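Note that UniProt numbering gives residue 207 to position 207 of the sequence shown, counting from 1, and the numbers run on in steps of one. Note that CB positions come from ideal geometry on N, CA and C, so glycine has one too. Please read all numbers here as calculations on a predicted model, not as lab measurements.
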Amino acid sequence: MGKHSGSSRKEEEKHNLFVWKKKKKVSFDLKSEKRKQQERLKELERLRNRRLEIANQKTKLEQDKRQAMAYQFQHNWENRQQQDQRFLYQQSLLRSDIRLRQGRPKPIDLLRKHLHSDGVGSSVYVVFKGLLLKDLEELRGEIGLNLDFDTAIPTYTLFWQSLLLLCDWEIQAATDNDSLQQKSKLELPSSVKEDVEDFLKGKTHKELEDLLSQTESQLCSGNAKVIEFWEALLTRLHMYKARACLNEIQVKLLSDVEPSSTANNVDVIDIGMPYEELERKPSPYNPDQPIPCKLGCSNRERGPNTHVMRFLERRLISYHYLPTGKGNPRDN
């Protein structure tokens, strides 16, 4: 027992033995401490920016995912709508054939037959006559449906676009019964209106396009004295341009049919002969002499369309027809 106690005492003394070592100097440099502090702050800022960047990337990925899902949903919805519209169009074709066989056609049936039967018959825009507002709105939807799907050739597209414009014109004329709206629009006097109608009749689609650009330039340049007159003319130009387009389409369709088979079936078109027919007929006037003007304008005003329309504008002013409003002598 004494042996063990002596060895343990020696180990304890050896363990507690004091050893001299070199003293380490601790540096308290303020600049180095400040530099280390700045480095730590930079590291914290870098980590903070990294966390924000990761969060922004995650948010952007979620937004892109939602947008992709919304786009896919919209695409599928549009495809479904397109399929539904195509199905309705096919069903409308079947119903149209049934009505034609039974002898009870609707206006849209007559328009389709006119387009796909070589244009035999009277002018297509006569189908709008006598239709009620409800019938016009229904016809507009059917024309729009054909405009979406009956586009095998550009002529078909142009045909339905022109009909859609004329249908909108008829709907506007049918719904424009409010007295306040009537006061805000220019109602041309009957004689001036007849002159405008006579001036626009018989012009080709290309001539009406040129006249339309001239009318728009008059409105934009500020040379128009009666703005409402030129606006009313602009509205009528769109209608007559659509009519001329339908007229030329009918002539094009009839050109593929023998004249003997269709001469007795085609009615006279009320907007004048086509431009091609006018070129075939010899002119009774001398090319060197000015063409007489039915409107009674002077020689200086004959020829250019703008001069004729300015003459009509002066005739309108001679009627003392100006828009009612503040400062108008008619209101006093």
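If you reduce the DSSP assignment to three classes, tell me which class residue 213 lands in.
Secondary structure of residue 213 (DSSP, three-state): helix.
Please go through the same chain and pick out, in chain order, the residues whose beta-carbon is closer than 7 Å to the beta-carbon of residue 272, but skip the five residues on each side of it.
Bear in mind that the predicted position of residue 272 carries a pLDDT of just 38, short of 50, making it unreliable; the figure below should be weighed with that in mind. Cβ within range, chain order: 201 and 202.
Residue 398: first and last residue of the uninterrupted alpha helix (DSSP H) it sits in:
Outside the modelled stretch of the chain, which goes from 1 to 332, sits residue 398, for which no answer is possible.
Tell me the rounded alpha-carbon separation between residue 83 and residue 153.
One C-alpha to the other measures close to 21 Å.
Within-9 Å CB hit, residue 158 to chain D
Absent here is chain D; the protein component of the structure consists of one chain.
Taking Cβ positions, are residue 98 and residue 139 nearer each other than 9 Å?
Contact flag unset, no.
For residue 81, count neighbouring Cβ atoms within 10 angstroms of its own Cβ and tell me buried if that reaches 16, exposed if not.
Burial call: exposed.
From residue 141 to residue 68, what distance separates their C-alpha atoms?
Their backbone Cα atoms lie some 33 Å apart in a straight line.
Would you mind stating whether residue 147 and residue 174 have Cβ atoms separated by less than 9 Å?
Cβ distance not < 9 Å, so residue 147 and residue 174 don't count as in contact.
Out of curiosity, what's the CA-to-CA distance linking residue 235 and residue 90?
When rounded, the distance between both Cα atoms is 34 Å.
Span of the alpha helix (DSSP H) around residue 152:
Element bounds for residue 152: n/a, residue is neither H nor E.
Rounded straight-line distance, which links the Cα of residue 50 to that of residue 44
Taken atom to atom, the span from the alpha-carbon of residue 44 to that of residue 50 is near 10 Å.
When you measure from the CB of residue 71 to every non-hydrogen atom of the ligand FMN, does any distance come out below 8 Å?
Absence of the ligand FMN from the depicted structure is noted, as is the absence of any ligand whatsoever, leaving it without description.
Buried or exposed for residue 66, please, with buried defined as at least 16 other CB atoms from any protein chain shown within 10 angstroms of its CB.
Of the other Cβ atoms in all chains shown, fewer than 16 fall within 10 Å of the Cβ of residue 66; this residue is therefore exposed.
Considering only their Cβ atoms, is the gap separating residue 128 from residue 167 smaller than 9 Å?
Yes, the Cβ-Cβ distance between residue 167 and residue 128 is below 9 Å.
Where residue 247 falls, given that 16 or more other Cβ within 10 Å makes a residue buried
The residue in question, residue 247, is buried, as its Cβ has 16 or more Cβ neighbours within 10 Å.
Cα separation between residue 165 and residue 79?
Between residue 165 and residue 79, the C-alpha separation is close to 27 Å.
Where does residue 294 fall in DSSP's three states?
Below a pLDDT of 50, predicted positions are generally treated as unreliable, and residue 294, at 39, falls in that range; the measurement from the model is reported next regardless. DSSP places residue 294 in the coil class of the three-state scheme, outside both helix and strand.
Would you say residue 115 and residue 126 are within 9 Å of each other, going by their C-beta atoms?
With a cutoff of 9 Å on beta-carbon distance, residue 115 and residue 126 are scored as not near each other.
What residues in its chain sit with their C-beta under 6 Å from that of residue 18, if we drop five residues either side in the sequence?
Close CB contacts of residue 18 within its chain, under the 6 Å cut and outside five residues either way in sequence, are absent.
Quick check on this structure: which residue in 210, 103 and 159 has the alpha carbon closest to the alpha carbon of residue 111?
With distances taken between Cα atoms, residue 111 lies closest to 159.
With distance defined between alpha-carbon atoms, name the residue in 169, 85 and 233 nearest to residue 215.
Considering only 169, 85 and 233, the residue with the shortest C-alpha distance to residue 215 is 233.
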